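Scroll down for the structure; my scribbles are underneath it.
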Amino acid sequence: MNICVVNTLFFPHISGTARAAFLLSNELSKKEHTVIVVTSKLDDTPQVERLNGLTIYRLRSVRYPRLNILHRAELYCNLVPGNFGAIASILRKHKIDVVHVFGQFFDLTLMTIAACKMLKIPTVLTIGTRMEHPQFLYNSLFELFDRTLVRYLVARRVDRLIALDKLMRDYMIKRYGVDRRLVKFIPVGVDVQRFEKCDGRPVRMKYGIGDKEPVFLSLGTISNLRNPLSLVKAIPNVMKEFPNLKILFAGALYNREVVRLVERLGLKDSIVFCGKVDYNMVPSYLGACEVEGHDLDSGLGIGLAGLEALAAGKPVLSSAKEDNFIDIRLENWKNIVLVRPGNLEDISQAMIKLFSDARLREEIGQNAKKLLKERFSLGRMCQEHEILYNEIG
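Heads up, the sequence shown is in the numbering used here, so the first residue is 7 and it goes up one at a time.
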């Protein structure tokens, strides 16, 4: 089958959606499908490239300014002259059977779906991010844009939609008014073999952390929607029991409110903001910690970073719910540790309990690793996508 994967961001860019598209493309290519990737041209990346059996086309793009309304994230605009024709030409040239688009609100998505409709090519859309903002005015604008343009020009023009979890499935049905039967749940796949052996010594050495000092890792971007304020507020209580505790925030920092909170609480000696880290170093960061936790305020679910921590056999602290992955059951204090969103007592007590009991950490971590191997492997994820492509192709 000739498959085209489209995402505004792709390797070498590292983000949850970019990584998910990259892993799926690679796995499909291993299954001897012809995989074409269409993405944005970033900096000095080649316009056309062959990589791991993939053919990658990078279209001209313009970087958006890092505005608060855009969560100060690194985003790109592909709506420039010639790109629509380039997309249609690529689809024709490679005789594409199915197009898989990631992300609902990008102009590249809009142009690709329009080209697919013109060429009568079946289209699948994976949505991993809700259009939301903590500020009322911006959130109202997002919702208006989502319920009108995205709903009628994107979500209702594709053949099938893929939801990565229950929250996103419910969001699609409510926000876009699509038939539940058109939404298929396929969780993001994890390269579990990559996390079989995680050597944390390089990271501990880099930050001067001793072998006996406990480490809590928060792996992922800090943004308007994922801001670890509750976690930081809970740290003083935890440090009464573990005064030498170190907390590492590994990920791009798009909102500095948490940095100012750390300074006000006098925690600068215990908390390190590592910034964006080389993706090849992620296993080492996971190997350096006893516990991982990210996004404990919003209850938005579990992203790829959290799943990778589970794959590494680490107990993960999360504000998700047990049915987050619909039929894949999360079991509190068995394969994950769940807290109420933003509840300081839940967070601090869970951390104290975990750091106090190495045997419990090991048990939860091993159960988590088993769950990831059984239900989130790349092979299983790829197979489910193949089934869907054949249904609509």
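Glycine included, each C-beta is placed from N, C-alpha and C at the ideal position.
Bear in mind that the values here come from a model prediction, so they are computed numbers and not experimental data.
- The DSSP-derived three-state label of V164 is coil.
- CA-to-CA, the gap between D275 and V264 works out to about 15 angstroms.
- Between the C-alpha atoms of L323 and R270 there is a straight-line separation of about 24 angstroms.
- For K99, the closest C-alpha among the options I42, E55, P128 and R181 is that of I42.
- Per DSSP, the continuous alpha helix (DSSP H) segment holding A294 begins and ends at V288 to A294.
- One Cα belongs to L65, the other to E368, and the distance between them is close to 46 angstroms.
- In the DSSP assignment, F255 falls within the unbroken beta strand (DSSP E) covering K252 to A256.
- The continuous beta strand (DSSP E) containing F191 extends over residues V189 to F191.
- Sequence-distant Cβ neighbours of K239 in its own chain, meaning closer than 7 angstroms and more than five residues away, are L350.
- Taking the C-beta atoms as reference points, R163 is found nearer than 8 angstroms to K123.
- K246 counts as exposed, since fewer than 16 other C-beta atoms from the protein chains shown sit within 10 angstroms of its C-beta.
- With respect to the 8 angstroms criterion, I9 and V104 are classified as neighbours on the basis of their beta carbons.
- Relative to the Cα of K376, the nearest Cα in the group V196, T45, I62 and G183 belongs to V196.
- For D217, the CB contacts under 8 angstroms within the same chain, skipping 5 residues up- and downstream, are R210 in chain order.
- Selection P128, Y260 and V54 evaluated against L394 yields P128 as nearest (Cα-Cα).
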